[in-house]
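Those letters in the sequence shown? Residues 194 to 872, by the numbering used here. All C-beta atoms in this analysis are idealised placements derived from N, C-alpha and C, irrespective of residue type, glycine included. Here the structure is laid out as structure tokens; the discussion comes afterwards.
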Amino acid sequence: MERDVKGNVVLGDQNIAGRDNNITNYLTGLRHLRPHPVDPDKLMPANRFVSPGDNFARAAQAVRPSFGSAANVRVVVLLAPEEHGRKSAGLRLLAATNVASGRVSELLPDWDEPDVSCLPEERGVGYLLNLRGVTQPLPDAFYTDLVIYASGLRKTGSYMVITATKTVWSQARAGGSHPEILVAEIERPKPDDVVKRYLEGHEKTQGRSDWIDNKEGVFYGLLPEDCAPGEAVRLASIIAKAKNVEDKDALDEFKGWETRLSDWFSGGEEGVRTRAVRIAGAYLDKAPSTVVLSSADLLLAAPKINLPMPKGGLLAMPDAPSRLEPAGMSFDGATSIASLVHESQGPAIRRYLWTQHTQLSQEVLTQWLQDISQGPAKDHLDSLASALTQLAETVGIAPIFDLAEGWLRNGGKQHLDLVGDLLSDLAVHANLGSQTRAELAKWAAGKKEPARQRAVARACSGSFGKKYPSQALTRARYILSSPGSEEALKDATKAVRVLASDGDLAPLVTDTVVKWITNSGKSTGTELSVFYDVFDAPSGADQLEKSPLAVALAQSGEAGDAMRRRLLEGWQHVIGQSEDVFHSQQTLLNWRQGAEKGLLPQGPVVDIIIALGRATGIVNPPIRDVVKEEGPLRDALIVALFTEVQRTYRTADGPPVAPSGNAPVAQSLQDVNEADPRT
């Protein structure tokens with residue numbers, strides 16, 4: 194009986210041989226940095242922008258088309274120290290071109306070695322290559338290749354702005370000037386001008402733009418001349434919501450609540466319980482009140498604080514609002530959520546305790562954070578990770594990494610998850626990310642510290658993997674190549690599966706995993722195991738969203754065609770190189786059974802199995818045994834197989850070419866007494 198197979202996607206000779214240029218070009222494009230769409234008019238509106246000097250004005254003129262002719266300059270390099278507003282300047286520069294605002298994207302440096310071949314070249318696009326946080330000089334080849342790349346941008350009607358420090362970019366090594374590349378050093382915008390433009394840009398705050406000039410108000414003379422634009426914007430946002438020009442709470446907020454912090458933590462027994470709630474709130478803002486208060490109680494019970502509950506325990510304690518309000522927190526009766534009244538007090542408290550109350554931080558709070566991460570705050574690890582990431586902005590990553598290592602040495606799975614989430618947040622941080630990602634590479638390669646490797650694997654499956662997938666996959670492979678423990682191997686494989694099940698990342702991850710097993714000669718056992726584990730069939734309907742195979746086979750368009758082709762090429766290599774035929778057979782049988790259960794689309798599964806038969810021998814194991822297995826798809830596979838045989842043997846002139854193998858196809862499929870591949 195001929196069985197109808199729905200959703201068939203043919204993998205014919207053209208695709209298999211690589212002559213389908215669309216798919217080939219698509220696969221090549223996967224190596225490009227991923228564009229993240231940005232809108233210059235939303236992120237930095239023209240009415241809030243302060244020009245960073247004459248060089249910027251000349252650059253804007255150079256990229257602006259005039260008199261109907263296209264601009265010559267296609268790549269502009271904006272040089273300035275960190276915290277000079279380079280990204281804002283780059284966005285406004287792209288807005289000056291003839292590129293539509295919806296076609297502007299930011300490129301993050303998702304590479305371990307800068308390479309111009311990773312830069313995309315779509316038509317009519319504006320790219321912002323933001324090298325914020327990068328400290329190492331670009332390699333010489335980057336400058337040479339950029340000249341060719343700039344010419345390509347001219348042909349496609351596209352532009353690129355690169356923002357970097359002078360340390361990262363060396364004009365001397367660029368080999369002189371090029372008409373399509375302009376290098377401009379920009380100035381730091383004057384902070385008072387930034388504040389005024391910010392306030393004047395909104396109708397409700399236009400009347401407040403002169404508050405920084407009012408000597409009678411609290412906002413006069415707060416900004417030094419060398420103030421970063423971001424700090425000026427922070428003052429402007431505080432002025433925008435201030436009660437009036439003499440709002441001292443607003444002034445305290447801008448100054449980091451210094452006076453309040455001194456009062457809150459001045460010492461004495463009377464305010465200890467309130468201080469504990471305040472500290473818990475600083476790390477768990479917007480968590481349920483029970484989480485905040487239970488965490489505060491754990492802090493009070495710490496050996497070096499040892500403040501016992503009053504007689505009567507919780508019955509003797511005030512209700513949640515009564516405990517939260519004195520600590521500067523509000524209580525939402527409908528949701529039971531506890532929130533800081535002034536959100537900016539959270540970072541200020543953490544910074545103060547770490548720098549001014551170091552004994553408390555080192556001897557009590559580090560252990561307390563461990564305790565609550567596996568206790569009341571175990572479901573709020575993201576909040577703890579975010580809080581510690583903000584703390585790293587003040588103290589740097591070194592003490593945070595030291596803290597993380599201590600948790601890994603002394604903690605369990607919950608601590609490992611907390612450290613992984615923390616590392617993931619740090620890896621995507623605008624200023625700290627580059628340094629963190631380099632450190633993660635060292636941790637991933639260090640098999641003597643398997644707990645570190647497991648934390649990196651957790652980080653790779655989080656925001657780090659979503660924003661920097663290529664770097665995350667590289668670190669996952671370091672672990673897979675040299676795992677310090679079986680758990681590290683499993684966690685790294687799981688991280689790859691998580692990324693591969695993301696529809697946007699699936700093509701890149703699929704291509705990368707297949708490259709791991711095909712680019713280095715004979716595959717290692719570990720590489721084959723990763724291929725099998727990542728692309729195993731889902732066991733049930735509840736696993737579909739987490740199944741990379743289900744995502745790959747269900748994907749439509751060029752992305753789907755490319756992934757199925759790469760899976761086929763991976764299988765060809767596995768079957769050709771591996772001596773473990775039984776494992777390949779069992780995995781392919783799982784695919785077939787997944788399709789028969791409706792968990793996988795039947796068409797692509799049938800096509801890949803038959804295409805594999807064409808490439809590896811349809812009468813040889815494992816394909817022969819996968820096809821002849823009893824089941825609902827057996828007839829469809831046999832029909833597809835004979836159709837493939839007829840198509841392959843059919844030639845323009847002369848007799849058909851004999852198939853590989855000595856036994857007729859039908860006889861081979863029915864020969865149930867064939868030797869088991871396991872023997």
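Check, Outcome
"Element boundaries [beta strand (DSSP E), containing N603]", "First-last for N603: 590 to 603, but that is the alpha helix (DSSP H), not the beta strand (DSSP E)."
"In chain order, each beta strand (DSSP E) run of at least 3 residues that lies wholly inside the region 243 to 326", "268 to 272, 297 to 300, 319 to 323"
"Pair within 9 Å by beta-carbon distance, G326 and S627", "yes"
"Between the CA atoms of S654 and E720 - distance to the nearest angstrom", "19 Å"
"Alpha helix (DSSP H) segments (min. 4 residues) lying fully within the region 623 to 657", "626 to 638, 643 to 653"
"DSSP state of P700 mapped onto helix, strand, coil", "helix"
"Assigned secondary structure, S532 (DSSP; H/G/I helix, E/B strand, else coil)", "strand"
"Residues sharing a beta bridge with Y179, DSSP", "With the chain covering 194 to 872 only, the question about residue 179 has no answer from this structure."
"Cβ neighbours of A894 in the same chain (closer than 7 Å, five flanking residues each side left out)", "With the chain covering 194 to 872 only, the question about residue 894 has no answer from this structure."
"Three or more C-beta pairs below 8 Å linking the region 301 to 308 and the region 413 to 433", "no"
"Contacting residues, own chain, Cβ-Cβ under 7 Å from K660 (five flanking each side not counted)", "L301, V621"
"Assigned secondary structure, P228 (DSSP; H/G/I helix, E/B strand, else coil)", "strand"
"Beta-carbon proximity of L742 to L826, cut-off 9 Å", "no"
"Burial state of A734 (16 or more Cβ within 10 Å)", "exposed"
"Assigned secondary structure, V198 (DSSP; H/G/I helix, E/B strand, else coil)", "With a pLDDT of 44 at V198, under the threshold of 50, the modelled position of that residue is not reliable, and the figure given next carries that caveat. Looking at V198 - three-state DSSP - the assignment turns out to be coil, as it is neither helix nor strand."
"E463 versus N499 - alpha carbon distance", "14 Å"
"For V820 and I802, believed in contact at Cβ under 8 Å, the rounded distance", "7 Å"
"Element boundaries [beta strand (DSSP E), containing M522]", "522 to 524"
"Check whether P382 and S244 have beta carbons under 9 Å apart", "yes"
"Outcome for I341 when other beta-carbon atoms lying within 10 angstroms are tallied against a minimum of 16", "exposed"
"Assigned secondary structure, I498 (DSSP; H/G/I helix, E/B strand, else coil)", "coil"
"For I472, the first and last residue of its enclosing beta strand (DSSP E)", "Not the beta strand (DSSP E): I472 falls in the alpha helix (DSSP H), residues 465 to 476."
"CB contact flag (A429, H277, <9 Å)", "no"
"Bridge partner(s) assigned by DSSP for H371", "I374"
"Buried or exposed (CB count within 10 angstroms, at least 16 for buried), E451", "exposed"
"Distance CB(R651)-CB(L609) smaller than 9 Å", "yes"
"Reduced DSSP secondary structure (H/G/I, E/B, other) of P519", "helix"
"Uninterrupted alpha helix (DSSP H) stretches inside the region 667 to 746 (no shorter than 4 residues)", "679 to 693, 699 to 711, 718 to 727"
"Whole-Å CB distance - V388 paired with A425, under 8 Å assumed", "5 Å"
"Same chain, Cβ closer than 8 Å to K348, neighbours up to 5 away in sequence not counted", "none"
"Neighbourhood of V588 by C-beta, 6 Å cutoff - its chain only, sequence neighbours within 5 removed", "W547"
"First through last residue of the alpha helix (DSSP H) which encompasses Q779", "774 to 789"
"Counted within 10 angstroms of its Cβ, other Cβ atoms place E418 as buried (16 or more) or exposed", "exposed"
"P481 - partner residues in DSSP beta bridges", "I530"
"Inter-stretch contact (C-beta, 8 Å, three-pair minimum) for the region 680 to 695 and the region 317 to 336", "no"
"Pair within 9 Å by beta-carbon distance, V354 and L271", "yes"
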